[in-house]
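A quick write-up on the structure given underneath.
Residue numbers (this note's numbering), protein chains in the order written: chain D, 3 to 352; chain W, 3 to 352.
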């Protein structure tokens, strides 16, 4: 490696394993040097990172004992997550200098990426459409949006007229899931944690109804008010008490697609869910979802969703902070709901 | 009605709504009179009851507020449940005097039954095969066995080689579910509440492994011992802590078919289940089952299962008590696990 090509590289370092709510101080802004050339003969790629995606699942990687589907972060190494990047140098036949890509990268200005077939942590996809904001590939056209698509169409088994409930509905996944449901002709209700978010759900995304769960003394009462005939589809992003309130409100043969359980990620012991017998009473199907199993559907998702965007049928709200040093606060803020819409961190504008 | 045809009719009367564990004293042995002729012009049927079936779901009918799928019993009226009966008189075109039937009847010596299309509480099926014990139509060839069949084949999506776990495995449903799984080439483990039951599972039904859950200090450890590679199918009859222990032991794309949750029926508030995020981690499908939705499969169940019985491929253990007056104790005993095998009450031998 020619030392002359090295540049300084700001990084967000994962300090140590976390219990309870993550804090900004669990991550450290640091600086190192990185060569902007891939090692001779290597199939690696050097990228300049443009946008980083804050996603709830990152919390699971901060545990000492990972939940089983994804390894923990390495203390002393940068946070790793989805992002949008530009290829600076490539030894890989599928990527060349100047390509815009989205996929798994480091929380740093530049990353050296090694792609291994079948490694879900080494996803890198060349960006096809650049007539939309590039930041959309952290969310709307990236992992979050694609999760909404695959979970809604593959797991929820939606039909026109279904009563659909979406929790964490203004988040990166929820807002799109709700809009797909509306486009299918479903009745869609979302919940979120502030009146501002509720307003966005109703007035920007066209949800039929929405409520601020923090202002509802009884979630069961709120759900009965919004769904007097019950819920056909629950797009689950929250877990715990919310799930417990939803269960007795499900309709016969309802579907609960479990995309996430953000309310549980910071608890040492998850809350107990008591109303599972409702699954029998209403013959409910509850099914877990993870996006990496559905990557083969990405092209069809991209075509449909890009078209919807161009036709003005889908909107997306992003909460964008400028500067990699804002990354830790942005990530931590997900778990208190301080973000309004999909949380994005700008590292550089190309 | 001609008074001359009236006979005395012992009945088990439901006294009042129950909270907590049911007690024998929640039911009263009583006697009334019943005419053995159907009212002139009526399509009703008078039956002589032979065998009564004790099933865990009956507990839900003892609640003041029913769980939603089946109405509560009426205080002062007889217990109603599945049984085997002989037609004494019939105004219904599908049934004639002397027919042997199984279906929903009263806990009494004689019942006047009115069949209403679509009423799940008015199921009556003519018995086709009498070369097996008639009591089998309370269990093996009745609702319990048919539940095992429909829940296993329709909800569990079984494949040869699957790792199958069955709780309450020596009960009326569990024992048959396990034998179907064995016949399909699955690896089958069952749990039950006594060493006698465990012995039956292993030595009579051919389960690969079985354990006494009451003697296991840690259910998670027991499951890991029996399923070092995890569980593909959990046939759920128990709920609560058992479900919580199973969840982290599920394999990817495992199925949890919820047939019942007997451990929860007597609790004022069901136990909290904490490990539901495992549904995401392993992309588990959990689905509720109720037998009445599958009645169209009864003929194929009957042919298959009758053939298995005749070929000696399936065994069934019944716990038979003689005399309708033993009914309350037998029913109550289900919830402490005092029955060994399917609990049946003999009212009369034809």
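Backbone N, C-alpha and C define an ideal beta-carbon position, used for all residues, glycine too.
Alpha-carbon to alpha-carbon, residue 113/W and residue 179/D: Counting from one through the first chain, the residue named residue 179/D turns up at place 177. Counting from one through the second chain, the residue named residue 113/W turns up at place 111. Their backbone Cα atoms lie some 54 Å apart in a straight line.
Residue-chain proximity (residue 5/W, chain D), Cβ-Cβ < 8 Å: In the second chain, the residue the question calls residue 5/W occupies position 3. With a pLDDT of only 46 at residue 5/W, under the threshold of 50, the placement of this residue in the model should not be trusted; the figure read from the coordinates follows. So no, residue 5/W is outside the interface.
Length at least 3, wholly inside the segment 26-70 of chain D: the beta strand (DSSP E) runs in chain order: Secondary structure within the segment 26-70 of chain D: the beta strand (DSSP E) runs of 3 or more consecutive residues, fully enclosed, are 29-37 and 47-55 (chain order).
Residues that residue 278/D contacts on chain W, provided the C-beta gap is smaller than 8 Å: Here the question's residue 278/D lines up with position 276 in the first chain. Within 8 Å of the CB of residue 278/D, the CB atoms of chain W belong to 241, 245, 260, 263, 272 and 275, in sequence order along the chain.
Anticipated Cβ contact below 8 Å, residue 171/D with residue 192/D, distance rounded: Position 169 of the first chain, counted from the first residue, corresponds to residue 171/D. Position 190 of the first chain, counted from the first residue, corresponds to residue 192/D. Right, the Cβ-Cβ distance comes to about 3 Å (below 8 Å), so this counts as a contact.
Environment of residue 25/W [buried if 16+ CB atoms lie within 10 Å]: Here residue 25/W refers to the residue found at position 23 when the second chain is read from its first residue. Only exposed fits residue 25/W, as fewer than 16 other CB atoms lie within 10 angstroms of its CB.
Per-residue burial, residue 136/D [other beta carbons within 10 Å of its own, 16 or more giving buried]: Residue numbering aside, residue 136/D sits at position 134 when the first chain is read from its first letter. Residue 136/D is buried by the Cβ-count criterion.
Presumed contact (8 Å Cβ cut-off) between residue 82/D and residue 105/D, rounded CB distance: Taking the first residue of the first chain as position 1, residue 82/D is located at position 80. Taking the first residue of the first chain as position 1, residue 105/D is located at position 103. With a Cβ gap of about 11 Å, residue 82/D and residue 105/D do not count as contacting.
Residues of its chain near residue 5/D, where Cβ-Cβ distance is below 6 Å and the 5 sequence neighbours each way are ignored: Indexing the first chain from 1 puts residue 5/D at position 3. Only weak support exists for where residue 5/D lies, its pLDDT of 46 falling under 50; the value from the coordinates is given anyway. Here the set comprises nothing.
DSSP state of residue 336/D mapped onto helix, strand, coil: Start at 1 with the first residue of the first chain, and residue 336/D comes out as number 334. Correct three-state label for residue 336/D: coil.
Chain W within 8 Å of residue 287/D, Cβ atoms only: Position 285 of the first chain, counted from the first residue, corresponds to residue 287/D. Closer than 8 Å: yes.
Residue 156/W at chain D interface by Cβ criterion, 8 Å: Sequence index remark: in the second chain, residue 156/W carries index 154 (1-based). Not an interface residue.
Closer than 8 Å to chain D by CB, residue 223/W: Within the second chain, residue 223/W is the residue found at index 221, counting from 1. No, residue 223/W lies away from the interface with chain D (no Cβ there is under 8 Å from its Cβ).
Buried or exposed (CB count within 10 angstroms, at least 16 for buried), residue 341/D: To locate residue 341/D, count along the first chain from 1; it is residue 339. In summary, residue 341/D is buried, with 16 or more beta-carbon neighbours lying within 10 Å of its beta-carbon over all protein chains present.
Uninterrupted alpha helix (DSSP H) stretches inside the segment 207-235 of chain W (no shorter than 4 residues): 221-228
Run of the beta strand (DSSP E) containing residue 345/W, from where it starts to where it stops: As a working note, residue 345/W is residue 343 in the second chain. Element bounds for residue 345/W: 344-348.
Cross-chain neighbours of residue 292/W in chain D, by beta carbon under 7 Å: The residue you call residue 292/W lines up with position 290 of the second chain. Going along chain D in sequence order, the residues near residue 292/W (Cβ under 7 Å) are 282 and 285.
Residue 254/D: first and last residue of the uninterrupted beta strand (DSSP E) it sits in: Translated into positions along the first chain, residue 254/D becomes position 252. That run of the beta strand (DSSP E) goes 252-260.
C-beta atoms of residue 252/D and residue 284/D nearer than 8 Å: Position 250 of the first chain, counted from the start, is the residue given in the question as residue 252/D. Position 282 of the first chain, counted from the start, is the residue given in the question as residue 284/D. Yes. Within cutoff.
Whether residue 96/W touches residue 48/W by CB criterion (8 Å): On the second chain, residue 96/W is found 94 positions in, with the first residue counted as 1. On the second chain, residue 48/W is found 46 positions in, with the first residue counted as 1. No, Cβ-Cβ distance for residue 96/W and residue 48/W is not below 8 Å.
Identity of the residues DSSP links to residue 238/D by a beta bridge: Position 236 of the first chain holds residue 238/D. In the DSSP output, where bridge partners are listed per residue, residue 238/D has 260/D.
CB contact below 8 Å: residue 314/D versus chain W: Against the first chain, residue 314/D aligns to sequence position 312. It does not; no Cβ of chain W falls within 8 Å.
Beta carbon proximity, residue 70/W to chain D, threshold 8 Å: For the purposes of this step, residue 70/W is identified with residue 68 of the second chain, where counting begins at 1. So yes, residue 70/W belongs to the interface.
Cross-chain neighbours of residue 231/W in chain D, by beta carbon under 8 Å: Residue 231/W sits at position 229 when you count from the first residue of the second chain. Under the 8 Å cutoff, chain D gives no residues; its nearest Cβ is about 14 Å from residue 231/W.
Residue 77/W classed as buried or exposed, judged by whether at least 16 other C-beta atoms fall within 10 angstroms: As a position in the second chain, residue 77/W is number 75, starting the count at 1. By the 10 Å Cβ count, residue 77/W comes out exposed.
Limits of the alpha helix (DSSP H) - the one that residue 179/D falls within: Position 177 of the first chain, counting from 1, holds the residue named residue 179/D. From DSSP, the alpha helix (DSSP H) with residue 179/D extends over 176-185.
Contact belief for residue 344/W with residue 320/W at Cβ below 8 Å, rounded distance in angstroms: For the purposes of this step, residue 344/W is taken as the residue at position 342 of the second chain. For the purposes of this step, residue 320/W is taken as the residue at position 318 of the second chain. In this structure residue 344/W touches residue 320/W by the C-beta definition: roughly 5 Å separates them, less than 8 Å.
Start and end residues, beta strand (DSSP E) containing residue 165/W: Here residue 165/W corresponds to residue number 163 of the second chain, with the count starting at 1. Its beta strand (DSSP E) spans residues 165-168.
Start-to-end residues for the alpha helix (DSSP H) that takes in residue 273/D: Within the first chain, residue 273/D is the residue found at index 271, counting from 1. Neither: residue 273/D is in no alpha helix (DSSP H) and is coded neither H nor E.
Proximal residues of chain D, C-beta to C-beta of residue 295/W below 8 Å: Here residue 295/W corresponds to residue number 293 of the second chain, with the count starting at 1. Those are 285, listed as they occur along chain D.
Host beta strand (DSSP E) of residue 92/W (start-end): As a working note, residue 92/W is residue 90 in the second chain. That run of the beta strand (DSSP E) goes 82-92.
Under 9 Å from the C-beta of residue 309/D: neighbouring residues of chain A: This model lacks chain A altogether; the protein chains it does include are D and W.
Residue 157/D and residue 259/D closer than 8 Å at C-beta: Here the question's residue 157/D lines up with position 155 in the first chain. Here the question's residue 259/D lines up with position 257 in the first chain. Yes, the Cβ-Cβ distance between residue 157/D and residue 259/D is below 8 Å.
Limits of the unbroken beta strand (DSSP E) element including residue 127/W: Position 125 of the second chain, counted from the start, is the residue given in the question as residue 127/W. Its beta strand (DSSP E) spans residues 126-128.
Buried versus exposed, by CB contacts within 10 Å (16 or more), residue 298/W: Numbered from 1 along the second chain, position 296 holds the residue referred to as residue 298/W. Residue 298/W comes out exposed.
Opening and closing residue of the alpha helix (DSSP H) in which residue 203/W lies: Residue mapping note: residue 203/W aligns to position 201 of the second chain, counting from 1. Unbroken alpha helix (DSSP H) run through residue 203/W: 197-205.
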